Every structure is written in C-alpha cells, then in structure tokens.
Amino acid sequence: MSEPSFQHHAERARRGQWEVHTLPWDEPLNLSSGSKREQTLSKLDLLDVVTSLYHLKLGARGRLGRQLVRWWGPDEALLSCMEWHDADEQRHVHVLRRLQSLVSSKGEPVSRNDRPLDPSPLWRVAADGRGSADQALLHTLIDEAVMRTLFSRVATDNRIPLVRAVFDAAAQDEARHVDYLTAMASLRFEGEPPHRLVKLHASAVWHVGRLLAALRPYLASFAGATHSSQDQIASAMFGAASNALSDLGEGWKTAPLMRLVHSADSSPWMLWILR
Ligand SMILES: [Fe+2]
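Sequential numbering of the sequence shown, starting at 32, is according to our numbering.
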C-alpha cells in the first residue's frame with residue numbers, strides 16, 4: 032500500500048472535523064405537532080433509533096482499536112485515517128447520548144412495554160473482530176455503509192431540526208469512512224485468488240445477514256422516525272450493503288454469492304431475515 036493513496040483521505044478527514052457545540056442544541060425540540068399519543072410514539076421511535084446507532088458505534092469503536100493494531104505499519108496516512116475515524120465515532124457516541132437525554136426529558140416519561148428492545152446484539156455484531164483482518168475490514172465497511180444510509184435517511188426525513196442537524200453531521204463523517212475503507216479494501220482484495228475471494232464473499236453475506244437481523248427489531252422505529260415503511264428502510268439497508276460491496280470491483284458485482292445481497296429485495300432471503 033503506497034502512502035500517497037491515503038493522504039487525501041486523511042486530509043479530508045482532518046478538514047471534516049466539527050465541534051459538538053456547533054450543533055443547534057438550544058433549538059426547541061418539538062417531538063410532534065399531533066396528539067399526545069403521537070408525541071409518545073415519536074419519542075419512542077427517536078429513542079430507539081438513537082439507542083440502536085449508539086450501540087452499533089460503541090461496538091465499532093472496540094473493533095476499530097483492534098483494527099488499528101492489526102494494520103499498524105509504515106503507512107502513516109492510513110493510520111491517520113483510522114485515528115480520525117475513531118475521533119468521529121467518539122463524537123457520534125457523545126452527540127447521540129446527548130440527544131437521547133434531551134429526547135428523554137421531553138413530554139411524558141415513557142417506557143417501551145410492548146416490545147422491550149435489547150441493543151446488545153447490535154453491540155456484539157459491530158464489536159466482533161473475529162476472523163482474518165480482511166474479514167474484519169469487510170465487516171467494518173458493511174457496517175459503515177449501512178450506518179451512513181440510516182443517518183442520511185433520518186437527516187433527510189425527520190422533522191425535528193436538531194435531529195436533522197445531528198444526523199446530517201454524522202452522515203457526512205460516515206461517507207468519509209465508507210470512502211477510505213472502500214479504497215483500503217479494494218487495494219487489499221485486488222488480485223486475490225478465486226478461492227480466497229469466495230471466502231470473503233461468504234463472509235460478507237454472513238455479516239450482512241447478521242447485521243440486518245440485529246437491526247430488525249428497530250425497523251419500525253426507523254420507519255416512524257423517517258415517515259416511511261419498514262420495507263423501505265430494510266431495502267435501503269440492503270441497498271447500502273449492496274452498493275458498498277459492488278464498489279470493490281467487478282467480481283463483487285457478479286459473483287453468485289454476492290447476488291444474495293444485490294438481489295435481496297426480491298429474494299426470500301430478505302424475508303427470512305426480517306421475519
Ligand atoms: Fe463511522
């Protein structure tokens with residue numbers, strides 16, 4: 032890996048840094064203009080959305096630390112990319128928790144009695160650094176691509192200005208993460224022999240399934256927070272993984288195993304995962 036290839040990613044990350052206090056924390060946070068029941072639902076959806084992403088990120092930070100050690104080497108620019116990445120994730124964890132506490136303090140106290148959610152599977156999926164360094168890199172890329180899409184959807188479709196601002200700022204960081212990880216993975220996997228590629232494809236399919244299954248309990252909340260349907264959210268998540276994997280090269284677009292991800296929208300596989 033040549034150093035200059037990651038120099039512009041590192042520079043872009045440095046320029047893209049932002050301060051938590053620059054977000055509009057003082058703006059009034061109106062959960063919903065509808066009935067009390069609608070306000071409660073809006074609050075629950077938002078809390079679920081924030082909590083799920085918070086735990087994904089907590090897990091991702093643990094894995095990133097291991098990745099940094101694994102990739103420790105002479106490529107200073109790449110290490111800078113990973114350090115900025117960690118700085119971004121730490122900021123996201125902080126703003127998500129701050130948003131969670133703000134939303135919790137609004138309106139009536141609520142608890143999710145109908146379907147208690149346990150975010151630990153999300154943490155486990157994101158923190159899991161088992162397998163080879165290449166597999167961990169691939170899984171990180173998939174997680175980042177799916178998170179970028181979720182942050183973007185909420186930033187675009189939620190009606191609360193503060194929520195839009197927080198999610199938009201994070202989505203821009205996520206876009207950078209996807210870009211440098213795509214460059215890193217493309218370099219790593221270039222010229223891999225077919226038998227090793229098949230193993231990586233299988234690992235990607237397995238991880239997409241695991242991530243989507245962990246996010247499944249939160250689909251309704253993401254749908255509520257973005258005024259869309261659960262199917263649309265699920266399709267967007269599969270689409271994010273599909274696009275990220277396609278960007279790794281021609282073999283990743285056409286391999287039979289990869290078609291499970293690329294055609295997830297029209298396959299029984301998606302229905303099985305989401306059931
Ligand atoms: Fe990220």
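Beta carbons are placed, not taken as given, at the ideal position from N, Cα and C, and that holds for glycine.
Here the structure is a predicted model, which means the values were calculated and not measured.
For this session: Quick one: residues in its chain with C-beta nearer than 7 Å to the C-beta of Met32, no 5 flanking neighbours on either side, listed in chain order?
Result: As a working note, residue 32 is residue 1 in the sequence shown. Residue placement at Met32 cannot be trusted, given a pLDDT of 46 that sits under 50; the coordinates are not used to answer.
Exercise. Would you call Leu168 buried or exposed, if buried means 16 or more other Cβ atoms sit within 10 Å of its Cβ?
Worked result: For this step, residue 168 is matched to residue 137 along the sequence shown. With at least 16 other beta carbons inside 10 angstroms of its own, Leu168 counts as buried.
Exercise. Secondary structure at Gln166, three-state DSSP: helix, strand or coil?
Worked result: Here the question's residue 166 lines up with position 135 in the sequence shown. Gln166: helix per DSSP, three-state reduction.
Exercise. Nearest-angstrom Cα distance between Val292 and Ser83?
Worked result: One-based indexing of the sequence shown puts residue 292 at position 261. One-based indexing of the sequence shown puts residue 83 at position 52. So the alpha carbons of these two residues sit roughly 22 Å apart.
Exercise. Any idea if Arg97 is buried or exposed, counting beta-carbon neighbours within 10 angstroms, 16 or more meaning buried?
Worked result: The residue you call residue 97 lines up with position 66 of the sequence shown. Exposed, since its Cβ has fewer than 16 Cβ neighbours within 10 Å.
For this session: Assuming Val134 and Ser252 form a contact by the criterion Cβ under 8 Å, report the distance between their Cβ atoms to the nearest whole angstrom.
Result: As a working mapping, residue 134 is identified with position 103 in the sequence shown. As a working mapping, residue 252 is identified with position 221 in the sequence shown. Val134 to Ser252, Cβ: 12 Å. No contact.
For this session: Go ahead and pull the three-state DSSP assignment for Gly93.
Result: Position 62 of the sequence shown, counting from 1, holds the residue named residue 93. DSSP places Gly93 in helix when its eight states are reduced to three.
Exercise. Shortest alpha-carbon distance to Pro225 belongs to which of Trp283, Ala41, Val124 and Trp56?
Worked result: Numbered from 1 along the sequence shown, position 194 holds the residue referred to as residue 225. Residue nearest to Pro225 within the set Trp283, Ala41, Val124 and Trp56 is Trp283 (criterion: CA-CA distance).
Problem set entry | Sub-8 Å separation of Arg92 and Gln121 beta-carbons | Numbered from 1 along the sequence shown, position 61 holds the residue referred to as residue 92. Numbered from 1 along the sequence shown, position 90 holds the residue referred to as residue 121. In this structure, Gln121 lies closer than 8 Å to Arg92 by Cβ.
For this session: For Arg179, collect the residues of the same chain with a Cβ closer than 8 Å to its Cβ; drop the 5 residues on either side in sequence, then sort them by chain order.
Result: What you label residue 179 is simply residue 148 of the sequence shown in a count that begins at 1. Leaving aside the five residues that flank Arg179 on each side, the residues in its chain whose CB is nearer than 8 Å to its CB run, in chain order, Ala202, Glu205, Ala206, His208, Val209 and Ala271.
Problem set entry | Under 8 Å between C-beta atoms of Ser73 and Ser63 | Along the sequence shown, read from residue 1 onward, the residue named residue 73 stands at position 42. Along the sequence shown, read from residue 1 onward, the residue named residue 63 stands at position 32. Closer than 8 Å, so yes.
For this session: Identify every run of the alpha helix (DSSP H) within the segment 48–124, keeping only runs that are complete inside it and at least 4 residues long; order them along the chain.
Result: Runs found: 67–101.
Exercise. Quick one, are the C-beta atoms of Leu153 and Ala275 less than 8 Å apart?
Worked result: As a position in the sequence shown, residue 153 is number 122, starting the count at 1. As a position in the sequence shown, residue 275 is number 244, starting the count at 1. For the 8 Å CB-CB criterion, Leu153 and Ala275 do not form a contact.
For this session: Using 10 angstroms around the beta-carbon of Gln48, count the other beta-carbons present and answer buried if the total reaches 16, otherwise exposed.
Result: Within the sequence shown, the letter at position 17 stands for residue 48. Residue environment: Gln48 is assigned as exposed (fewer than 16 neighbouring CB atoms within 10 Å of its CB, all protein chains considered).
Exercise. Using DSSP with H/G/I as helix, E/B as strand and the rest coil, what is Ala286?
Worked result: Translated into positions along the sequence shown, residue 286 becomes position 255. The three-state reading of DSSP puts Ala286 in coil, since its state is none of H, G, I, E or B.
For this session: For Met32, name the three-state secondary structure that DSSP assigns.
Result: Within the sequence shown, residue 32 is the residue found at index 1, counting from 1. Model confidence at Met32 stands at a pLDDT of 46, short of 50, so the residue's coordinates are unreliable and nothing is read from them.
For this session: Please report the Cβ distance between Ala256 and Asn189, rounded to the nearest whole angstrom; I am assuming they are in contact, meaning their Cβ atoms lie under 8 Å.
Result: Indexing the sequence shown from 1 puts residue 256 at position 225. Indexing the sequence shown from 1 puts residue 189 at position 158. Here Ala256 really is in contact with Asn189; their C-beta atoms are around 6 Å apart, less than 8 Å.
Exercise. Among Met113, Asp149, Ser273 and Arg129, which one has its Cα closest to the Cα of Tyr249?
Worked result: To locate residue 249, count along the sequence shown from 1; it is residue 218. Of Met113, Asp149, Ser273 and Arg129, the residue nearest in Cα terms is Asp149.
Exercise. What residues in its chain sit with their C-beta under 8 Å from that of Trp56, if we drop five residues either side in the sequence?
Worked result: As a first step, residue 56 is located in the sequence shown; it is residue number 25 there, counting from the start. So the list reads Arg129, Leu133 and Leu193, once near-sequence residues are dropped.
For this session: Using 10 angstroms around the beta-carbon of Asp262, count the other beta-carbons present and answer buried if the total reaches 16, otherwise exposed.
Result: In the sequence shown, the residue the question calls residue 262 occupies position 231. Answer is exposed; the Cβ neighbour count stays below 16.
Problem set entry | Nearest-angstrom Cα separation, counted from Leu242 out to Ser273 | As a first step, residue 273 is located in the sequence shown; it is residue number 242 there, counting from the start. As a first step, residue 242 is located in the sequence shown; it is residue number 211 there, counting from the start. If you take the alpha carbons of Ser273 and Leu242, they lie about 13 Å apart.
For this session: Using only alpha-carbon positions, find the residue among Val239, His258 and Ala265 that is nearest to Arg290.
Result: Reading the sequence shown from its first residue, position 259 is the one you call residue 290. Nearest Cα to Arg290 within the set Val239, His258 and Ala265: Val239.
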